[in-house]
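Remarks on the structure that follows.
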Amino acid sequence: MAAGPFDRTSPVQPEGSTTKMHAAAVNGDKATLARLLTSNAKDIDTGDQFGRTPLMFCVLADRLDCAELLLKAGAHLDKKDKGGRSALHWAAHKGNFRCMKLLLSKNANWKEKDNEGQTALHLCTRHKSPKCLALLLKQVAPGEVDDQDKNKRTALHWSASYGNLEHIKMLIKQDANIGIPDVEGKTPLHWAASSRDAEAVSCVNLLLDMAGSVINWQDYEGRTALHLAVADGNYAVVDALISLEKCNVSALDNMFRTPLHWAAVLGHSKIVELLLSKKADYASSDSNGATPLHYAAQNNFADTVEVFLRHKGVTDEPDVERRTAFMWASGKGADDVIKVFIKYGADLQQVDKNGGTAMHAAALSGHVTTVNLLLEYKAPIDAEDLVKHTPLFRACEMGHTDVVQTLIDYGAKVEIYDQDGRSPLHWAALGGHAYICQTVIKYGIDPNIRDHSGRTPLQCAAYGGYVNCMSVLIENQADPNAQDNEGMTALHWACSKGHLDAVKLLLEFHAFPNHMEFTEDRYTPLDYALMGEHREVSQFMIEQGALSINGIQELAACKIQSNFRGYRVRKTFLERKKLLMKHEQLRKDAAKKRAEEEYRRKEDIRNKREVEERRKTELGEGHSKSSRRKREPQLSEEERILLLNKQNRQIVSKERDRLSEFRRKEHAARVIQRAWKHYVFRFKGVMKSAADAIKSKRLKAGEEEWKRQIAALTIQLAWRKFYRKKLLTSLTGKSKRVLHMWDPEVVAAKQRMLMEQIYTEHIEAVQWFPRLEAPVRPLWFKYMPSAAALSFNFAVDQYDPELLERSKTQMEFEDDLPFGLQEDFRNIHLSGNPQHFSYNMYEV
């Protein structure tokens, strides 16, 4: 007899693993068995490789006399094999009534459980004959009939699953509980409804007669007995269940599926028609938003779909993605169902929430026969979804070559672009479909076409490392050095993903390895390989001469330094050349000047000689003229006095004019000084405003930012000093030459010390040192006498103190103040302009 659906133990004996006693027992050789029991009594309970004893072999082979002989010889009655079953278990399993009666008469324990938790009572339910069950029920006490195995199934569960009507009657008579759920939440009614036995309908009716309330009970997955009956395609059981008014024909399981969903997905067209006749909800949606019609359509059950469409009121409702059953059928290539839908007037232009049509679904799935069928019925070939993808885009993306060729043959547009500016060639390259790339290029798409981000199909193929696709594009003149809007090339993408073969191919076709991005980082392909830790790619790129951004910056710095050195050399050469030319010109001018001076000196000597000769001649002629002078009129004393007074008045007038001119100059100087003081005052205000602005800028930008700027400027200044020193060393060849960049205060102090050494006398000089109350050099200090002026004044005081005595105090200028020569000298010394100390005294 065939084993039930829960039977996990096989009674088949392995060969070559039994003893002679096992062989005698299974063959019913009583004489041999008796002789072996006499000679080898110790082997009476020896088990084979499955742990089965000779007594179990007698039960399995129905050798009653041998079993009696073994029991008389002292065989262990309740010994178990490796499956936990005793001889009584095997008698119940095989339906061996005689052996079972013998074992029970020897007080065998029927309550013993095997490894599955089953007793002999569970195993008795597997046979159509009720004799073993009736014999065993005589041993069962009240309440023990509902004993459960490890799966929490009772004998009634097993009887219902095998469709044993008599067993069910006997167990119910013994007060078995019909409503006990097993480990899956199933009651005996669930098992009876899912049974394929001929008596399953009778079992269902019997159970419902005894407890009709269990008809709509659900297991732990929400399935009722009707769900399970539909799943097994048992039309009679389904009819029996829905004939009762209590039966809920639209009950939902945990996935919100009704029995009609189950019937549709399995293609049970008769059951579908039966359920629809009982007003089952045909528009009910499960957790995916799909109706029963969706599942029938996607599995190409044309007769089931036609049953739905014939039924009054049934329409093709969309799921949560707004896809109809017709779209599901197109996506699954269900051509028979598509014909049925078109027969009943399906809308070929209906779209889902993404704007896709049935043609989009067929092209995406690659069903070329479905595409041909839809095109025959005039489905739109260039319909665009929300991202402007036509069916051709989806076919190119998924690599369906036949669909692509079919669409192009029917006139689909090839040179079209989606909302990102990508063409079908971009999507074919992203999927690595080389043949499709060749096909669409053949129909006129430029292999260097760019999307809105500036990316070419070659960059898309390099991103995925599709070498074959890249080869096709390069053979069709694709540019390996094209850069997108961010400066990325195909080599950037290949290195970032670590595709070594793609990198080799690009470099073989002369891709430049050191292209930099347009971003602030300016990364090169080698940078991407290093950041992605692609060691093989990085090593290969370095071998091919690739550089990182740091290496490029270092080379650029060296190049800039080299060019700057050349510039400084050329500049120094030009400066020296100009200096030499100026020196040569000065030398020529000096020679010309000396020649002119020599000429003037000679002229002066010649003129002097002529004057002396003329004077001698006049002295020689004096005597002859004396008589003539005597005859000239002589001036009187009064006339001579008038002439002298006239000459004195002329001298006084000249002196007054000179003094008047000097006063005008002094007045002009006073006006200039007053204007200068006003200018200094305004300049001080401007400087204060500038200092406040700098302070506010520092506060606004932050102290840290200010410090960083100061540090950067300090480093730049140090670098310039170092480079200037290095440049002068390289030009002059004097490695020990030192350039001193003294501050003005240090220079003044140094000059003052030198003057003290020369004149051996301390010189008072106004100095300024930074203090807390005066951290900034005052403006008036810039116009104090310089060290050279102090030296000059000191020398004048030493050699002509009476003429040029300098005052130690500042004098105020006043209007209309008479000035003498001595006072003029003093006031000139006290001027704020250091030039007055050096030159103006010579002009007075």
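Quick note on the UniProt record's numbering: the sequence shown kicks off at 1 and runs consecutively.
Even glycine gets a Cβ: it sits at the ideal position worked out from N, Cα and C.
With distance defined between alpha-carbon atoms, name the residue in ASP420, VAL305 and ARG63 nearest to VAL265.
Here residue 265 refers to the residue found at position 265 when the sequence shown is read from its first residue. Ranking ASP420, VAL305 and ARG63 by Cα distance to VAL265 puts VAL305 first.
In chain order, what residues of the same chain lie with their CB nearer than 7 Å to the CB of LEU36, ignoring the 5 residues before and after it?
For the purposes of this step, residue 36 is taken as the residue at position 36 of the sequence shown. Correct list, in chain order: LYS20, MET21 and ALA24.
Give the C-beta separation of TRP262 and VAL230 to the nearest angstrom, bearing in mind that I take them to be a contact with Cβ-Cβ under 8 Å.
Position 262 of the sequence shown, counting from 1, holds the residue named residue 262. Position 230 of the sequence shown, counting from 1, holds the residue named residue 230. With 8 Å as the limit, TRP262 and VAL230 qualify as a contact, their Cβ atoms being about 5 Å apart.
So is LEU293 buried or exposed if we call it buried at 16+ other beta carbons inside 10 Å?
Taking the sequence shown and counting its residues from 1, one reaches residue 293 at position 293. Buried, by the Cβ-count rule.
Starting from GLN336 and walking both ways along the alpha helix (DSSP H), at which residues does that stretch end?
On the sequence shown, position 336 is the one that residue 336 refers to. Residue identity differs from the one stated: residue 336 is Asp in this sequence, not Gln. First-last of the alpha helix (DSSP H) with ASP336: 335–343.
Smallest Cα separation from LEU507: which of LEU526, GLU517 and THR519?
In the sequence shown, residue 507 corresponds to position 507, counting from 1. Taking only the C-alpha atoms, the option nearest LEU507 is LEU526.
Out of curiosity, what's the CA-to-CA distance linking HIS667 and ASN648?
Mapped onto the sequence shown, residue 667 falls at position 667. Mapped onto the sequence shown, residue 648 falls at position 648. Distance from the CA atom of HIS667 to the CA atom of ASN648, rounded to whole angstroms, is 28 Å.
Could you give the residue range of the alpha helix (DSSP H) that holds ASN372?
Taking the first residue of the sequence shown as position 1, residue 372 is located at position 372. Note, ASN372: alpha helix (DSSP H), 368–376.
Just curious, the alpha helix (DSSP H) that ARG223 is in, first and last residue?
Numbered from its first residue, the sequence shown carries residue 223 at position 223. Where ARG223 is concerned, there is no enclosing alpha helix (DSSP H), given that its DSSP letter is neither H nor E.
With 16 other CB atoms within 10 Å as the buried threshold, where does TYR377 fall?
In the sequence shown, counting from the first residue as 1, residue 377 sits at position 377. With fewer than 16 other Cβ atoms within 10 Å, it is exposed.
Please go through the segment 349–419 and give each complete alpha helix (DSSP H) segment of 4 or more residues, from N-terminal end onward.
358–365, 368–376, 391–398 and 401–409
Any idea what DSSP makes of TYR839, helix, strand or coil?
Indexing the sequence shown from 1 puts residue 839 at position 839. Annotation note: pLDDT 32 at TYR839 (below 50); position unreliable, no value reported.
Measuring straight from C-alpha to C-alpha, what distance separates ASN40 and LYS79?
Stepping through the sequence shown from its first residue, residue 40 is reached at position 40. Stepping through the sequence shown from its first residue, residue 79 is reached at position 79. Straight-line Cα distance between these residues: approximately 19 Å.
What does the Cβ neighbour count give for MET359, buried or exposed, with the cut at 16 atoms within 10 Å?
By 1-based counting over the sequence shown, the position of residue 359 is 359. The residue is buried, with at least 16 neighbouring Cβ atoms inside 10 Å.
Return helix, strand or coil for ASP232, following the three-state DSSP convention.
If you number the sequence shown from 1, residue 232 lands on position 232. Three-state result, ASP232: coil.
Taking 7 Å as the cut-off, decide whether the C-beta atoms of ALA75 and LEU55 are in contact.
On the sequence shown, position 75 is the one that residue 75 refers to. On the sequence shown, position 55 is the one that residue 55 refers to. Closer than 7 Å, so yes.
Rounding to the nearest angstrom, what Cα-Cα distance links ALA434 and GLN298 in this structure?
Reading the sequence shown from its first residue, position 434 is the one you call residue 434. Reading the sequence shown from its first residue, position 298 is the one you call residue 298. The alpha-carbon of ALA434 is positioned some 31 Å away from that of GLN298.
Please confirm whether ALA529 and MET541 have their CB atoms less than 7 Å apart.
Start at 1 with the first residue of the sequence shown, and residue 529 comes out as number 529. Start at 1 with the first residue of the sequence shown, and residue 541 comes out as number 541. Yes.
For VAL237, tell me which candidate among LEU189, ASP219, TRP217 and ARG682 has the shortest Cα-Cα distance.
The count along the sequence shown starts at 1 and reaches residue 237 at position 237. Considering only alpha carbons, the answer is LEU189.
Pairing CB atoms from the segment 427–445 with CB atoms from the segment 472–482, are three or more of them under 8 Å?
yes
In whole angstroms, give me the CA-to-CA distance for LEU375 and VAL403.
Locating residue 375 in the sequence shown gives position 375, where the first residue counts as 1. Locating residue 403 in the sequence shown gives position 403, where the first residue counts as 1. Rounded to the nearest angstrom, the two C-alpha atoms are 12 Å apart.
Let me know the secondary structure DSSP gives TRP217 once reduced to three states.
If you number the sequence shown from 1, residue 217 lands on position 217. Residue state for TRP217 is assigned as coil, using DSSP reduced to three classes.
Taking 8 Å as the limit between beta carbons, can you name the residues of its chain near LEU274, skipping five residues before and five after?
For the purposes of this step, residue 274 is taken as the residue at position 274 of the sequence shown. So the list reads TYR235, VAL238, ASP239 and ILE242, once near-sequence residues are dropped.
Would you report the Cα separation of VAL371 and HIS400, rounded to the nearest angstrom?
Looking up residue 371 in the sequence shown gives position 371. Looking up residue 400 in the sequence shown gives position 400. Going by the C-alpha atoms only, they are around 11 Å apart.
Classify LEU252 as helix, strand or coil using the three-state DSSP reduction.
Counting from 1 along the sequence shown, the entry for residue 252 is found at position 252. In this structure, LEU252 counts as coil in the three-state DSSP scheme.
Sorted by chain position, which residues of the same chain lie with C-beta nearer than 8 Å to GLY212's C-beta, five sequence neighbours on each side aside?
Stepping through the sequence shown from its first residue, residue 212 is reached at position 212. Correct list, in chain order: LEU244 and LYS246.
Is the segment 415–433 touching the segment 443–453 in the sense that three or more CB pairs, one from each, lie closer than 8 Å?
In this structure the segment 443–453 lies against the segment 415–433, because at least three pairs of beta carbons, one per stretch, are closer than 8 Å.
Is the distance from the Cβ of GLU321 to the Cβ of ASP352 below 7 Å?
Walking along the sequence shown from the start, residue 321 turns up at place 321. Walking along the sequence shown from the start, residue 352 turns up at place 352. Contact flag set, yes.
What is the rounded straight-line gap between the Cα of SER735 and the Cα of THR729?
Here the question's residue 735 lines up with position 735 in the sequence shown. Here the question's residue 729 lines up with position 729 in the sequence shown. Model confidence at SER735 stands at a pLDDT of 48, short of 50, so the residue's coordinates are unreliable and nothing is read from them.
Is it buried or exposed for VAL467, if we count other Cβ within 10 angstroms and need 16 for buried?
Here residue 467 is taken as the residue at index 467 of the sequence shown, counted from 1. So VAL467 counts as buried.
Using only the alpha-carbon positions, how far apart do LEU77 and HIS157 sit?
Within the sequence shown, residue 77 is the residue found at index 77, counting from 1. Within the sequence shown, residue 157 is the residue found at index 157, counting from 1. Computed Cα separation, rounded: 28 Å.
Buried or exposed: PRO142, going by 16 or more other Cβ atoms within 10 Å of its Cβ?
The residue labelled residue 142 in the question sits at position 142 within the sequence shown. By the neighbour-count rule (16 or more Cβ atoms within 10 Å), PRO142 is not buried but exposed.
Quick check on LEU547: does DSSP put it in helix, strand or coil?
Reading the sequence shown from its first residue, position 547 is the one you call residue 547. LEU547: coil per DSSP, three-state reduction.
Comparing C-alpha positions only, which one of GLY464, GLU597, GLN405 and PHE301 sits nearest to CYS495?
On the sequence shown, position 495 is the one that residue 495 refers to. Nearest of GLY464, GLU597, GLN405 and PHE301 to CYS495, Cα basis: GLY464.
Would you mind working out which of LYS497, ILE549, ALA31 and GLU536 sits nearest MET516, comparing C-alpha positions?
In the sequence shown, counting from the first residue as 1, residue 516 sits at position 516. The residue with the shortest Cα to Cα distance from MET516 is ILE549.
So, for ALA546: in the same chain, excluding its five sequence neighbours on each side, which residues have a beta-carbon less than 8 Å away from its beta-carbon?
Here residue 546 corresponds to residue number 546 of the sequence shown, with the count starting at 1. Taken in chain order, the residues that qualify are PRO513, ASN514, THR524, PRO525 and LEU526.
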